[in-house]
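J.: Below you will find the structure I want to go over with you.
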Ligand code: GUN
């Protein structure tokens, strides 16, 4: 991370996510007291991918810390698509489960899109179902993918109204880039989506008041690609080998260069990363409230 000289520019996602989880825990406790409702999140892990195991463990832990019910389902690597779909259908029908997350990536024999679209859209707390993608794109109440939702919260907290700002999203994945663009459009930004075939990517980035980096390429976005004063949100989490031979995490943005130019920037780690699980919990709470016709708590306010 940078020295103290740029401390005021750092967007502290870790602190913001911690505060958000606190507000969620209070809302969950309130829901139980007033309505006898405990939101439940089911996470499904197929196979032994080490990174996925860490994610799933953290999700379960933070779900319980928020006072929600956590259901973990671990299936072997050779699970068939039909077996996985059977479990998804069982969870769709379980009234104690308000959110379902099938951890990606799935083993080769399974068609991920078919599984994601087998989840009840009302329980799709990842926001990956085509119904939720379509609702987001058409301005209807949707469950929104967690990482872009977290980015938007950090942006609004730092900048307030985003209307009229020029936003450049680098990356066009269904999980981050595309939903991020839709969210920024809904906030009245002028949105450009850039990607690997974009001509003169640096010039596109230089036009941004808000730059979202979601390409998965370590430190690809350099300091001189950033307009002075721009707000930079770095979604990348890349493990590289440092000069000392040890592994370290870096984003898609060359942080030490960028922090000198940007008006505000998220670090890696400690920026967007911690927001993803916090937003997953927020989506689970939202799904539980909608399932019961209960007004959704305002998670943006600290009261
Ligand atoms: N694998 C890595 N990140 C995610 C995520 O946000 N959701 C799911 N379902 N799988 C993931």
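Residue numbers (the working numbering): 1 to 303. For each residue, glycine too, the CB sits at the ideal point set by N, CA and C. Note that the structure is predicted; figures quoted are calculated from it, not measured.
Please go through the same chain and pick out, in chain order, the residues whose beta-carbon is closer than 7 Å to the beta-carbon of residue 177, but skip the five residues on each side of it.
T.: Along the chain shown, one-based indexing puts residue 177 at 177. Within the same chain, residue 177 has close Cβ partners 169, 171, 193, 214.
J.: What's the C-alpha gap between residue 203 and residue 225?
T.: Position 203 of the chain shown, counted from the start, is the residue given in the question as residue 203. Position 225 of the chain shown, counted from the start, is the residue given in the question as residue 225. The C-alpha of residue 225 is placed about 7 Å away from the C-alpha of residue 203.
J.: Could you pull the start and end residues of the alpha helix (DSSP H) that residue 277 belongs to?
T.: Residue mapping note: residue 277 aligns to position 277 of the chain shown, counting from 1. Note, residue 277: alpha helix (DSSP H), 273-292.
J.: Going by the C-beta, is residue 126 closer than 7 Å to any heavy atom of the ligand GUN?
T.: Here the question's residue 126 lines up with position 126 in the chain shown. Yes, since a heavy atom of the ligand GUN falls inside the 7 Å radius drawn around the Cβ of residue 126.
J.: Does the Cβ-Cβ distance between residue 121 and residue 132 come in under 8 Å?
T.: Here residue 121 corresponds to residue number 121 of the chain shown, with the count starting at 1. Here residue 132 corresponds to residue number 132 of the chain shown, with the count starting at 1. In this structure, the beta-carbon distance from residue 121 to residue 132 falls below 8 Å.
J.: With a 10 Å radius around its C-beta and 16 neighbouring C-beta atoms as the bar for buried, classify residue 188 as buried or exposed.
T.: Indexing the chain shown from 1 puts residue 188 at position 188. Residue 188 comes out exposed.
J.: Please state whether DSSP places residue 158 in a helix, a strand or coil.
T.: Residue 158 sits at position 158 when you count from the first residue of the chain shown. If DSSP states are grouped into helix, strand and coil, residue 158 belongs with the helices.
J.: Can you tell me the Cα-Cα spacing of residue 286 and residue 146, whole angstroms?
T.: Translated into positions along the chain shown, residue 286 becomes position 286. Translated into positions along the chain shown, residue 146 becomes position 146. Going from the Cα of residue 286 to the Cα of residue 146 covers about 12 Å.
J.: I'd like to check one pair, residue 98 with residue 116: are the Cβ atoms closer than 8 Å?
T.: Position 116 of the chain shown holds residue 116. Position 98 of the chain shown holds residue 98. No. Outside cutoff.
J.: Does DSSP put residue 34 in a helix, a strand or coil?
T.: As a position in the chain shown, residue 34 is number 34, starting the count at 1. In the structure shown, residue 34 sits in a helix (DSSP, three-state: H, G or I).
J.: In this structure, does DSSP put residue 80 in helix, strand or coil?
T.: By one-based count along the chain shown, residue 80 stands at place 80. Residue 80: coil per DSSP, three-state reduction.
J.: Could you check how far apart the C-beta atoms of residue 221 and residue 200 are, in whole angstroms? I think they sit under 8 Å.
T.: Walking along the chain shown from the start, residue 221 turns up at place 221. Walking along the chain shown from the start, residue 200 turns up at place 200. Not a contact, Cβ separation roughly 13 Å.
J.: Helix, strand or coil for residue 238, going by three-state DSSP, please let me know.
T.: In the chain shown, residue 238 corresponds to position 238, counting from 1. Strand at residue 238.
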